[in-house]
Amino acid sequence: MSTAVTTGAEGRARVAARRPRLGRFRSAKAWFLLPAVIWTCGFTLFPLFYALWLSLQQSRGMGRPLEFAGLKNYGRLFGDDRVWGALGFTLGYAAVTVAIQIVLGLGLALLVNREFRLRGLVRTLLLLPLFATPVGLGFLGRIIYADAGPINVALTAIFGSGVPWMSNPWSARIAVALLDIWQWTPFCFLILLAGLQSIPDELYEAARLDTNRRFEMLWHITLPLLRPLIALTVLLRLVEALKIIDIPFALTAGGPGRANETFSIFIYRTAFTGFDIGYASAASFLFLVVVLVVVNAFILFGRFRTVWQAGD
Amino acid sequence: MRKAAFLASAGLMLLPAVGHAEGLVTRHPDGSIELKSDVGDSITFPKGTLGSVIEDAWANGTKPYDGITVSVVTLNAGPRGAISGGILPWQKAWEELSGQKLQVVLKPFNDLAPVIFNDLFTDTGAYDGFVPPMVFLGDMKDKLVVLNDYMCDPRFPKVFTNEECRISDGAERGMSTLMPSMQPLFRWGSDWYAVPWDADSHILYYRKDLIENPEVQAQYKADTGKEMRPPQSQQELLEMACYLNGKDPLGTGKNLYGVMQPGALNSQLFDWYKDFADSWSTMVGGAKDGFRETYHFDPDTMEPLINGPGNVAALEWMKQAYACGPADFASIDLGGHFNRFVQGEAAFAWSAGDIAALAEEEGSKIKGNLGAMVIPGSEEVYNARDGKMVHVDQPRPAYNVFGASWSGEVSALSKNPEATYALFAFLGSPTMRVWNVKWGFDGIDIGQKADFLPPNGTAKLETYLAGGFDKGDAETVSQAIHDNLAGPTFEYFKIPGAAEYNLALEIALQQTLTGQLEPQQALDGVAEQWRSITDRLGVDSQKEAYRLTLGLQ
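Here the protein sequences line up with chains A and B, keeping their order. Number 1173 marks the last residue of the first sequence (the working numbering); no jumps. Number 555 marks the last residue of the second sequence (the working numbering); no jumps.
1. Pair every Cβ in the segment 946–963 of chain A with every Cβ in the segment 1043–1053 of chain A, then say whether three or more of these pairs are closer than 8 Å.
2. Would DSSP call Met320 of chain B helix, strand or coil?
3. Quick check on Gln270 of chain B - is its C-beta less than 8 Å from some C-beta in chain A?
4. Establish whether the CB of Ala1007 of chain A and some CB of chain B are separated by less than 8 Å.
5. Which class does Asn1121 of chain A belong to by DSSP, given the choice of helix, strand or coil?
6. Using a Cβ-Cβ cut-off of less than 7 Å, give me the residues of the segment 492–506 of chain B that come near chain A, in sequence order.
7. Can you list, in chain order, the residues of its chain with a C-beta nearer than 6 Å to that of Gln105 of chain B? Leave out the 5 residues immediately preceding and following it.
8. Can you tell me where the alpha helix (DSSP H) with Met242 of chain B in it begins and where it stops?
9. Grab me the residues of Gly292 of chain B's own chain with a C-beta within less than 6 Å of its C-beta, minus the 5 sequence neighbours each way, in chain order.
10. Kindly list, in the order they appear in chain B, the residues whose Cβ is closer than 8 Å to that of Arg1119 of chain A.
11. Assuming Gly1163 of chain A contacts Ala1102 of chain A (C-beta within less than 8 Å), just tell me the rounded distance between them.
12. Taking C-beta pairs closer than 9 Å, name the residues in chain B that Gly1115 of chain A reaches, listed in chain order.
13. Relative to chain A, which residues along the segment 314–329 of chain B have a C-beta separation below 7 Å, given in chain order?
14. Check His484 of chain B in the structure and name its three-state DSSP category.
15. Just to confirm, are Lys210 of chain B and Leu463 of chain B a CB contact at a threshold of 8 Å?
16. Tell me the rounded alpha-carbon separation between Gly355 of chain B and Ala279 of chain B.
17. Checking contacts by CB at 8 Å: is Lys145 of chain B closer than that to chain A?
18. From Ser1059 of chain A to Glu1077 of chain A, what distance separates their C-alpha atoms?
19. Pick out whichever of A:Leu906, A:Ala912, A:Arg943 and A:Val1150 has its Cα sitting closest to the Cα of Ala1120 of chain A.
20. I'd like to know whether the C-beta atoms of Ile205 of chain B and Ala488 of chain B end up nearer to each other than 8 Å.
21. Please state whether DSSP places Pro198 of chain B in a helix, a strand or coil.
22. Which of the residues in the segment 117–132 of chain B, read from start to end, lie with their CB under 9 Å from any CB of chain A?
23. Ala359 of chain B and Lys369 of chain B - do their beta-carbons sit closer together than 8 Å?
24. Express the C-alpha separation of Asp32 of chain B and Ser54 of chain B in angstroms, rounding to a whole number.
25. Under 8 Å: do the segment 1022–1037 of chain A and the segment 983–998 of chain A share three or more Cβ pairs, one atom per stretch?
26. Report the three-state DSSP secondary structure of Val392 of chain B (helix, strand or coil).
27. Report the option in A:Ala1015, A:Glu928, A:Leu938 and A:Leu909 whose CA atom is closest to the CA atom of Leu1147 of chain A.
28. Can you tell me which residues form a DSSP beta bridge with Val133 of chain B?
29. Short of 7 Å Cβ to Cβ, which residues in the segment 134–168 of chain B face chain A?
30. Please report the straight-line C-alpha distance between Gln859 of chain A and Asp58 of chain B, rounded to a whole angstrom.
31. Output needed for Val392 of chain B: all residues of its chain with C-beta closer than 7 Å, excluding positions within five of it in sequence on either side, in chain order.
32. Buried or exposed: which applies to Asp155 of chain B, given that a residue is buried once 16 or more other Cβ atoms fall within 10 Å of its Cβ?
33. What's the gap between the Cα of Ala289 of chain B and the Cα of Glu295 of chain B?
34. Quick one: Cα of Gly248 of chain B to Cα of Leu258 of chain B, how far?
35. Closest to Ala264 of chain B by CA distance: which of A:Ile1106, A:Ser1028 and A:Ile1138 is it?
36. Quick check on DSSP: helix, strand or coil for Leu519 of chain B?
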C-alpha cells in the first residue's frame, strides 16, 4: 500500500501549475458574460442615464442646442395639471381593468377547470384575444364602436338608440377599458388555470368529508392556494396596465379631450409633438418612481399579510 | 432536366412582367417626352419643360441620375389615397425617366412629425426629401435646402415661368403661377423651401338638391319665416343646418344630418375651428391690411389672443353646429368626414378640395348636386379697437388657406439634393397639374392658376370631365376655390412649435364639444399652454418668426 504524501513544496507547485488554467477559466467566463454586460450597459444603463441627463436639459425648439436647466423640469411637473390628470387616470384605469381581468380570468379558469367535451377548443378560443396586436385592436374598436358598428346596431335594435361611444368621456373610457379587458383577461385565465390544475384533488376529497358547499371549498382551499399566483398575475398585469398606450391611442388618441390620456400618451406627446424632450424625460422619471412605489407597496402588503397571518 | 425545364418556363413567364416595367417613358421625335402612370393614362411633357438634365440625357440615350437612390417621406394613404396617391402612380415612370431608384417611405399622419424631425435634428439624414404639411416649415427650415436657385435653374423641370424667374426677389416670384394668398406658404421670408404641389384651402360645401330645392325652400320659409339659400353668414348656416338635422325632406327614408365635420383628435380639429373663428375675432383680415389685427398672438408681445371674446363666441357657435351633426362626431376622422358627406348623409360640410374630387368618384351620391362657396363670415365680430363684440350687416367671408398644402422639401442632409429636387419639380410642374386636376384620389387639391377654369385660370373643362367630373360641379368648385383664394385670407400658422400650439387647441376644442369644459374655460387653458410653449421656445425668436409670417418685417 502506497501512500501519497505531498510535501508543502509539491502542493505549492501543483497550485501554481493549476493557476493558469483557472485564469483561463476566469477569462472564458468573462467573455461569456461580456454580451450580457454590453447589453445591460447599452440598452439599460446608457438609456437610463441619458434620459436622466436629458431630464436636466431644456429644449428651446428643434435644432437648437439643449440648455442645462437643473431641476426646472421636475419643478414644472408639480404645477402641471395635465401631469396629475394623466397620472390619476392611469392609476385608476390600471386598478379597475386589472381587478376586472383577475376576477373574470379566475371565473373562466374555474369554469374550464373540469372535464367536458371540446374543452381544448374552448380553452384555445378563450386565449385568442391574447395574440392580437393591441394597436390592431384599437383600430378594430373604431369599427366596433362606430355609429353603424355592430354594438350600436345591436343596441339600436334592442333599446331604440345607440351610444356615441367616443363623444362622451365616460363611454369612451369604458370602450377603451372593455378592449383592454377583452385582450388581457385570457392572460389571467391562462396563469390561474395552470394554478388550479396544480392543486391536488386529495385536498378537495378530504374537504368533502366536511362540506359539499363549493363556495367554502373555493374560499378555504382554492383561493389560499392560488394566492401566490394571483399576486404574481396582478403584479405582472399592473406593471403592463400602468404603461398602457397602444389601445387608447389607436382608438381615441387619448380623447375625447384628455379623457383617455394615459401617462405614456402624455409623455409621448410631450416628446414627439412638442419635442420638449427634457420635460418628457423628467415625466418619465416621475412615472418610474410612481410605478416602483405602486409595485413595492403591493409586494410589501403581500409580505405584511403573510407575516401577520403567520403571527395568528 | 425537369428542374431546368421548370426554371426555363418560369423565366419565360417572368419576361413579360419585366418588360412591362420598362416602356413607361417615350421620347417623341419633336423632343417631347411621354410618361405613363400606373392609373393607365399618360402625360406628355413638351420639349423644354422637363429640364436640360433629363432631356439631354434622353437625347443621348442615357439616364441622368443612374445609380442614385432617392428616399422621400410622405403621408401614407395608399396608392389611391391622398398625397401618397400623387407620387406612387408615377414612381415607376420617374425611375425609368431619371434612372433613380425612388424609395417612397409612407407614414401615418401621427408619425410624420416624429419621423421627419428626428431624422433632421439628430443629423441622421436617412431621407433625401420630405412631402410634409407646410405647418411644419417653421420647425424644419433650418435643416432644408433653400430652393431659390434650383427653382429657376433650366437644368430641372420647370416650375415657374421665365418671366417669374426674372424677378430677383424670391418673395415676389411665382405670383402668376400661384394664387398670391397661397404663395407665402412655401417660403420663409424670401427663401423658398418647398416646391408648390398641393394647395389646401377650406370652403363650404352643401347639397344643391336640398338648399336650392324649391319645395324644401318653401317648407323652410313656412316653418321659420326665413329664406333657404346658400348661407350668407355663419348664423344663417347654423339655422339651416339645425333645421335640416334629423329631417328627411327628400323622402329618402333616412334622416339627414345638418353638418358632417370631423371631431376626432388628429383630424385637424383646430383648422375646422379656425375656419370660422377667425371671422369672429378679426375685423379686417389680419395684419396684411395694415391694421395690426392678428388672430393667434399680439405681434408686439406674443400674448395669446385665442381666449378673446370673438374666439369664445366662435366656439359656442361651433358647439351648436356640431350638435346639429352626428352624435358620434368625436370618432369621425378626416376619411369619415369625406366619405359620409359624399354619401349624402349631411346638408353641409366645410372642408378641403378633397370633397370636391371625391364627390365625383364612383359611389358618390352627391355628384351633380355639389354646391360650393366661400365660407361665410360671422355677423358678430370682436372689435379689438373698442374691445367689444359688434354686429356687422355684411359679414366678411372667411377666406383662408388652412390645411396642409403638402409639398416637396429637400433635406440639407441629403447627399443627392439635385436628384431629389428634380423629383419634386417633376411632380410640381405645370404639366403635371393637368393630371392632378383630373384625378381626385391623389388629394393634390386645386389652387394654382393652372387648375382653375377660365376666366380665373387656364384649365380645360375637358380635363375635369375626363376625370369624371360633372360639368356643373367642376365649374362650381373651380369658382368657389378661386374666390376663396382671391380674397384676403386669414393668417397661416407655421411658426416653430405650430404642431404643439395646435395640439393644445385641438384637445381643448374636443373637451368643449364633448361637454367637459365651457368655451371660456377651455380657451383660457389654451392661452396658458400657448404662453408656456412660447416661453420655452423663446419669446423673442417666436415673435420674430410670427411677425415674419404675417409680413410685418
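Note that CB positions come from ideal geometry on N, CA and C, so glycine has one too.
Here's the rundown:
1. Segment contact: the segment 946–963 of chain A against the segment 1043–1053 of chain A, three or more CB-CB distances shorter than 8 Å; contact assigned.
2. Taking the second sequence and counting its residues from 1, one reaches residue 320 of chain B at position 318. In this structure, DSSP gives Met320 of chain B a helical state, which the three-state scheme calls helix.
3. Taking the first residue of the second sequence as position 1, residue 270 of chain B is located at position 268. False, the Cβ-Cβ gap to chain A never drops below 8 Å.
4. Start at 1 with the first residue of the first sequence, and residue 1007 of chain A comes out as number 146. Cβ-Cβ to chain B under 8 Å: yes for Ala1007 of chain A.
5. Indexing the first sequence from 1 puts residue 1121 of chain A at position 260. In the three-state scheme derived from DSSP, where H, G and I count as helix and E and B as strand, Asn1121 of chain A is classed as coil.
6. For the segment 492–506 of chain B, which is checked against every Cβ of chain A, the residues closer than 7 Å are Pro498, Gly499, Ala501, Glu502 and Leu505.
7. Looking up residue 105 of chain B in the second sequence gives position 103. Shown here for Gln105 of chain B: same chain residues with a beta carbon closer than 6 Å to its own, the five before and five after excluded, namely Ser73 in chain order.
8. To locate residue 242 of chain B, count along the second sequence from 1; it is residue 240. Boundaries of the alpha helix (DSSP H) around Met242 of chain B: Gln236 to Leu246.
9. As a first step, residue 292 of chain B must be located in the second sequence, where it is residue number 290. The predicted model places Gly292 of chain B with a pLDDT of 44, which falls under 50 and marks its position as unreliable; any figure quoted below should be read in that light. Sequence-distant Cβ neighbours of Gly292 of chain B in its own chain, meaning closer than 6 Å and more than five residues away, do not exist here.
10. Counting from one through the first sequence, the residue named residue 1119 of chain A turns up at place 258. The answer, in chain order, is Ile509 and Gln513.
11. The residue given as residue 1163 of chain A occupies position 302 in the first sequence. The residue given as residue 1102 of chain A occupies position 241 in the first sequence. Actually they do not touch by this definition, with Cβ atoms about 18 Å apart.
12. By 1-based counting over the first sequence, the position of residue 1115 of chain A is 254. Leu267 and Ile509, listed in chain order.
13. Correct list: Pro328 and Ala329.
14. Taking the first residue of the second sequence as 1, we reach residue 484 of chain B at position 482. His484 of chain B: helix per DSSP, three-state reduction.
15. The sequence position of residue 210 of chain B within the second sequence is 208, counting from 1. The sequence position of residue 463 of chain B within the second sequence is 461, counting from 1. Taking the C-beta atoms as reference points, Leu463 of chain B is found no nearer than 8 Å to Lys210 of chain B.
16. Here residue 355 of chain B refers to the residue found at position 353 when the second sequence is read from its first residue. Here residue 279 of chain B refers to the residue found at position 277 when the second sequence is read from its first residue. Roughly 20 Å between the two C-alpha positions.
17. Numbered from its first residue, the second sequence carries residue 145 of chain B at position 143. At a cut-off of 8 Å between beta carbons, Lys145 of chain B contacts chain A.
18. Along the first sequence, one-based indexing puts residue 1059 of chain A at 198. Along the first sequence, one-based indexing puts residue 1077 of chain A at 216. For the pair Ser1059 of chain A and Glu1077 of chain A, the Cα-to-Cα distance works out to about 19 Å.
19. Walking along the first sequence from the start, residue 1120 of chain A turns up at place 259. Cα-wise, what sits closest to Ala1120 of chain A is A:Arg943.
20. On the second sequence, residue 205 of chain B is found 203 positions in, with the first residue counted as 1. On the second sequence, residue 488 of chain B is found 486 positions in, with the first residue counted as 1. No, the Cβ-Cβ distance between Ile205 of chain B and Ala488 of chain B is not below 8 Å.
21. Sequence index remark: in the second sequence, residue 198 of chain B carries index 196 (1-based). Per DSSP, reduced to three states, the secondary structure at Pro198 of chain B is coil, with no helix or strand assignment.
22. Residues of the segment 117–132 of chain B that bring their beta carbon within less than 9 Å of a beta carbon in chain A comprise Phe119, Asn120, Leu122 and Phe123, in sequence order.
23. Translated into positions along the second sequence, residue 369 of chain B becomes position 367. Translated into positions along the second sequence, residue 359 of chain B becomes position 357. It is not a contact, given that the beta carbons lie outside the stated cut-off.
24. Along the second sequence, read from residue 1 onward, the residue named residue 54 of chain B stands at position 52. Along the second sequence, read from residue 1 onward, the residue named residue 32 of chain B stands at position 30. One C-alpha to the other measures close to 15 Å.
25. Taking 8 Å as the limit for Cβ pairs, the verdict is that the segment 983–998 of chain A does not touch the segment 1022–1037 of chain A.
26. Along the second sequence, one-based indexing puts residue 392 of chain B at 390. Of the three classes helix, strand and coil, the one that applies to Val392 of chain B here is strand, per DSSP.
27. If you number the first sequence from 1, residue 1147 of chain A lands on position 286. Measuring from the Cα of Leu1147 of chain A, the nearest candidate turns out to be A:Leu938.
28. Taking the first residue of the second sequence as position 1, residue 133 of chain B is located at position 131. Bridge pairing for Val133 of chain B: B:Thr76 [DSSP].
29. Result list: Asp141, Asp144 and Lys145.
30. Here chain A covers residues 862 to 1173 and nothing more, so residue 859 of chain A does not appear.
31. Position 390 of the second sequence, counting from 1, holds the residue named residue 392 of chain B. Cβ neighbours of Val392 of chain B beyond the five flanking positions: Val383 and Asn385.
32. By 1-based counting over the second sequence, the position of residue 155 of chain B is 153. It counts as buried.
33. Within the second sequence, numbered from 1, the residue matching residue 289 of chain B stands at position 287. Within the second sequence, numbered from 1, the residue matching residue 295 of chain B stands at position 293. For Ala289 of chain B, the predicted structure reports a pLDDT of 44, less than 50, and the residue's modelled location is therefore unreliable. A value from the coordinates is still provided. If you draw a straight line from the Cα of Ala289 of chain B to the Cα of Glu295 of chain B, it comes to about 5 Å.
34. Here residue 248 of chain B corresponds to residue number 246 of the second sequence, with the count starting at 1. Here residue 258 of chain B corresponds to residue number 256 of the second sequence, with the count starting at 1. Gly248 of chain B and Leu258 of chain B: Cα-Cα distance of roughly 5 Å.
35. Walking along the second sequence from the start, residue 264 of chain B turns up at place 262. Going by the sequence as given, residue 264 of chain B is Pro instead of Ala. Here the closest residue by C-alpha is A:Ser1028.
36. As a position in the second sequence, residue 519 of chain B is number 517, starting the count at 1. Coil at Leu519 of chain B, not helix or strand.
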